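Participant:
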Amino acid sequence: LKSQARMVRFFRFS
Amino acid sequence: MLELRLTRAGLLKKVLESIRDLVTDANFDCAATGCSLQAMDSSRVAMLSLLLRPDGFEHYRCDRNISMGMNLANMARMLRCASDDDTVTINADDAQDKISDYEMKLMHITSENLEIPEAGYEAIVKMPASLFARICKDLGTIGDTVMISVTKEGIQFFTRGDIRTANIFCRKTTPVAKEKEAISIEMEKPVSLTLALRYLISFTKATPLAKQVTISMSYGRPIVVEYKMEIMDHIRFYLVPKVEE
């Protein structure tokens with residue numbers, strides 16, 4: 001259980 | 015001119031207590047539609063979004079959109095001077111006469127807002143906020159991560175640590191259950207996500223704000239832990255799941 005992707009990958013900048 | 019007045023400072027104190035572990039500095043974006051805040055934690059795997067509706071305040075005046083950059087620890091220190099039932103006024107312009115007057119430095123925080131789609135989660139569980147807090151706290155003494163699995167029967171929490179494993183299953187309640195104790199599930203398909211417990215435990219600091227917590231899950235998306243406040247709208251926490259390798 002290593003990787004934890006960052007939040008920005010999931011949501012777009014508005 | 016921005017002027018917000020709340021006759022129960024306790025509410026703002028609770029909101030602040032629930033977010034200040036996660037975020038140190040944040041912008042309160044005030045507009046006619048309400049006061050919102052979106053901020054990520056320093057590792058950018060957790061995020062929170064908060065909305066305080068104008069009708070939740072006794073007085074709400076916001077003539078132009080304004081972004082107030084605040085250090086949350088300082089704000090909490092200021093609010094500690096107020097009792098729960100004291101009135102708190104936030105002015106971003108010239109203050110009027112009042113009994114006590116606290117001033118706090120604002121800061122410039124550059125932040126980019128993320129666009130968060132709200133709909134389309136595969137599983138949505140509503141359960142007592144205190145029960146969720148208890149489970150996270152208990153499992154946190156055993157493991158670092160928790161696997162949360164939702165089926166149409168209920169929600170399961172599983173953790174593994176040095177001293178072995180723990181497994182808690184909460185069965186969906188019947189529709190006649192008391193609101194305080196109810197566990198309801200809306201589900202398109204079963205979902206199972208692994209999450210860091212220390213973030214979930216930090217989210218549960220918002221437990222005093224709401225009786226129920228809503229947990230929304232989908233594969234490949236951050237989990238959403240939402241507390242709906244009675245008069246102030248909501249606070250939502252997002253956490254990116256761990257990925258098995």
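So the sequence lines, in the order shown, correspond to chains U and A.
When the letters of the first sequence are read in order and numbered with the numbering used here, they come out as residues 1 to 14.
When the letters of the second sequence are read in order and numbered with the numbering used here, they come out as residues 15 to 259.
From the three backbone atoms N, C-alpha and C, an ideal C-beta is built for every residue, glycine too.
Just so we're clear, the structure is a prediction, and the values are computed from it rather than from any experiment.
1. Using a Cβ-Cβ cut-off of 6 Å (strictly less than) and excluding sequence neighbours within five positions of D43 (chain A), which residues of its own chain qualify?
2. With the cut-off set at 8 Å, would you say L209 (chain A) and I104 (chain A) are in Cβ contact?
3. Use the C-beta contact count for E231 (chain A): other C-beta atoms within 10 angstroms, 16 or more gives buried, fewer gives exposed.
4. Is the CB of K112 (chain A) under 8 Å away from at least one CB in chain U?
5. Which value, in whole angstroms, describes the spacing of the CA atoms of R9 (chain U) and P236 (chain A)?
6. Ends of the beta strand (DSSP E) at M243 (chain A)?
7. Sort out for me which residues DSSP pairs T187 (chain A) with in a bridge.
8. Looking only at its own chain, which residues have a Cβ that is under 7 Å from the Cβ of C150 (chain A), when we skip the five neighbours before and after it?
9. Taking only beta carbons into account, state which residues of the stretch 125 to 144 of chain A come closer than 8 Å to chain U, listed in chain order.
10. What does V59 (chain A) reach in chain U if we use C-beta pairs closer than 9 Å?
11. Suppose contacts are defined by Cβ-Cβ distances below 8 Å. Is A60 (chain A) in contact with Y252 (chain A) by that definition?
12. Under the assumption that G83 (chain A) contacts N41 (chain A) (Cβ atoms under 8 Å), give the Cβ distance between them as a whole number of angstroms.
13. Among A:S32, A:A143, A:R75, which residue has its Cα nearest to the Cα of I197 (chain A)?
14. So, using beta-carbon positions, are R75 (chain A) and R6 (chain U) closer together than 8 Å?
15. How far does the alpha helix (DSSP H) with Y233 (chain A) in it reach, from first residue to last?
16. Does the CB of F13 (chain U) have a neighbour CB from chain A at under 8 Å?
17. Find the nearest neighbour of K140 (chain A) within the set A:D77, A:L86, A:M201, A:E258, judged by alpha-carbon distance.
18. Evaluate the contact criterion for the stretch 173 to 192 of chain A versus the stretch 152 to 160 of chain A: three or more CB pairs, one atom per stretch, below 8 Å.
19. Would you mind telling me which residues of chain U sit closer than 7 Å to M54 (chain A), beta carbon to beta carbon, in chain order?
20. Write down the C-beta distance between V37 (chain A) and L62 (chain A) rounded to the nearest angstrom, noting that I regard them as a contact closer than 8 Å.
21. Under a CB-based cut-off of 8 Å, is R235 (chain A) close to chain U?
22. Can you tell me the Cα-Cα spacing of L86 (chain A) and T124 (chain A), whole angstroms?
23. With a threshold of 8 Å between beta carbons, is Y74 (chain A) in contact with chain U?
24. Quick check on I162 (chain A): buried or exposed, where buried means 16 or more other Cβ atoms within 10 Å of its Cβ?
25. Opposite K256 (chain A) in the DSSP bridges: which residues?
Facilitator: From the atom records:
1. For D43 (chain A), where only same-chain residues beyond five positions count, the Cβ hits under 6 Å are S50, S81.
2. Not closer than 8 Å, so no.
3. Note on identity: in this sequence residue 231 (chain A) is Met, with Glu being the wrong assignment. Buried, because 16 or more other Cβ atoms sit within 10 Å of the Cβ of M231 (chain A).
4. The pLDDT assigned to K112 (chain A) is 49, lower than 50, so where the model puts this residue is not dependable; a value taken from the coordinates is nonetheless given after this. It does not; no Cβ of chain U falls within 8 Å.
5. In a straight line, the C-alpha of R9 (chain U) is about 10 Å away from that of P236 (chain A).
6. Per DSSP, M243 (chain A) is one residue of the beta strand (DSSP E) stretching across 237 to 243.
7. None, per the DSSP bridge assignment.
8. Taken in chain order, the residues that qualify are L211, L214, I215, T218.
9. Those residues of the stretch 125 to 144 of chain A that come within reach of chain U (Cβ to Cβ, closer than 8 Å) are E126, N127, L128, E129, I130, P131.
10. Result: Q4, A5, R6, M7.
11. Yes, the pair counts as a contact, with Cβ atoms nearer than the cut-off.
12. Yes, they are in contact, since the Cβ atoms of G83 (chain A) and N41 (chain A) sit about 5 Å apart, within 8 Å.
13. Of the candidates A:S32, A:A143, A:R75, the one whose C-alpha sits nearest the C-alpha of I197 (chain A) is A:A143.
14. Not closer than 8 Å, so no.
15. That residue, Y233 (chain A), is in no alpha helix (DSSP H); it is neither H nor E in DSSP.
16. Yes, because at least one Cβ of chain A sits closer than 8 Å to the Cβ of F13 (chain U).
17. Shortest Cα-Cα distance from K140 (chain A) to any of A:D77, A:L86, A:M201, A:E258 involves A:M201.
18. The stretch 173 to 192 of chain A is in contact with the stretch 152 to 160 of chain A.
19. Correct list: M7.
20. Confirmed, Cβ separation roughly 7 Å.
21. Yes, R235 (chain A) lies at the interface with chain U (some Cβ there is under 8 Å from its Cβ).
22. A straight line joining the alpha-carbon of L86 (chain A) with that of T124 (chain A) spans about 16 Å.
23. Output row for Y74 (chain A): interface = no.
24. So I162 (chain A) counts as buried.
25. Beta-bridge partners of K256 (chain A) (DSSP): A:T208.
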